[in-house]
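FYI, in mature numbering (1 follows the signal peptide of the UniProt record, and there is no 0) the residues of the sequence shown are -46 to -1, 1 to 239.
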Amino acid sequence: MVIFPSRTNVSSCVSAQQRGSLFWKVTCASALAVTACLAPLPSALAASSVTCDTAYYSAHTLSALSAPDSGLPRSSAAFTSALASEDWLSVALLCPGRYSEGIVRSALSAVNSSSPASTPSAREIASTLTSSPDAEPFLLSPTLRALSLAEDRYRFAASVLATRDYSGPDYVSLLTDAELLSQTYAHLVTDSSTDTRQRIYDTTSLTNYSGKHSMTGITMPVYASIELDAALEELTAVDKDSSSQSSQTDAAMDQRARTVALSIRGHLLRALAAGAPRVAELYLN
């Protein structure tokens, strides 16, 4: 029989979660949801015992428990989804070849969670990535150039939609943030290669938008499509970079890698919120 911790034992419960215990994650998911005491979720990377294997197993198990047909109470399932989202993020950062899967499934778990997913602001991202100018590069220069180009394309798309899609979000704010991120990634490039950003791109796919995302053929609003474009382009770039999966213990490097992952996940979260289908397999083929 499982004995759920009381409200007074919530701190012990969260401490156990930080140690990476799947049993306690499942137990606390129910306990904390029932007591409505949803403590901030810890980063799985903060737990030294977390490995690719433990993160992947935990993420799969928690995702299964939070599925609609699992029988778990809705509040408990929502909290379990939040825990799964953190574990999938760890999968992206720790498991070679599973970066895209980890980010996509983290985003999908986050939209079903009991607490809003955290996405750093563009200023916070830029500050974290440039805070250690003499630090060892955490991504290869081709990857950084690709990320810079993806953000620049996103900036341009947002500027086009700002004059056409009046029912959409604050495009001016989005393009300002994208400009900062694009420049930040470009600044981090360490080789002398040419900047591939064009500043102005073909507008046909935006002005003649058919209602279907061009890369996947999935029906979605135009705003969701530009967020998904940015996310998929950036996932492809980082997937090719073996240094994105950190086996190092350097805390600053881990934090920078996590910040990039959260930024890419932010594009996915906005795409999902704007109407992109919530099916992982559509984005992982």
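In this text, a Cβ means the ideal position worked out from N, Cα and C, and glycines have one as well.
Predicted model, so just to flag it, every value in this text is computed and none were measured.
From residue i to residue j, what distance separates their C-alpha atoms?
i	j	result
W42	R52	10 Å
R(-28)	Y10	No answer about R(-28) holds up, because its pLDDT of 46 lies below 50 and its placement is not dependable.
E55	T161	31 Å
V126	E133	11 Å
I180	L226	12 Å
D195	V143	14 Å
T5	L48	7 Å
R232	A64	11 Å
S217	S159	24 Å
L19	S3	23 Å
R153	A104	11 Å
T84	T138	8 Å
L62	D145	36 Å
T173	A228	12 Å
I189	L26	According to the sequence shown, residue 189 is Leu rather than Ile. Approximately 32 Å, taken between the alpha carbons.
A76	S35	26 Å
L39	P96	Here the sequence assigns Ser to residue 39, which means Leu is not the residue at that position. Distance between the alpha carbons of S39 and P96 is about 28 Å.
E235	V58	9 Å
I79	S67	23 Å
R151	Y108	11 Å
L98	L222	19 Å
L129	A32	32 Å
T8	H14	10 Å
A140	D208	20 Å
V114	A71	28 Å
S60	R28	19 Å
Between which two residues does the alpha helix (DSSP H) holding residue i run?
i	result
E90	Looking at the DSSP string, E90 is not in any alpha helix (DSSP H), and its letter there is neither H nor E.
I172	Per DSSP, I172 belongs to no alpha helix (DSSP H) and is neither H nor E.
D195	Looking at the DSSP string, D195 is not in any alpha helix (DSSP H), and its letter there is neither H nor E.
Y53	Y53 to V65
Q45	Note that residue 45 corresponds to Val in the displayed sequence, not to Gln. It spans R28 to L48 - the alpha helix (DSSP H) in which V45 sits, taken as one unbroken run.
Y237	E235 to L238
In the structure shown, what three-state DSSP assignment does residue i receive?
i	result
T73	coil
T5	coil
S164	coil
R224	helix
A13	helix
S217	helix
S179	helix
A18	helix
R212	helix
A230	coil
A(-8)	No answer about A(-8) holds up, because its pLDDT of 40 lies below 50 and its placement is not dependable.
Measuring only between beta-carbons, confirm whether residue i sits less than 7 Å from chain B.
i	result
L47	In the displayed structure, chain B is absent; only one protein chain is listed.
- Item | Contained beta strand (DSSP E) runs [length at least 3] in the segment 82 to 159, N- to C-terminal order | none
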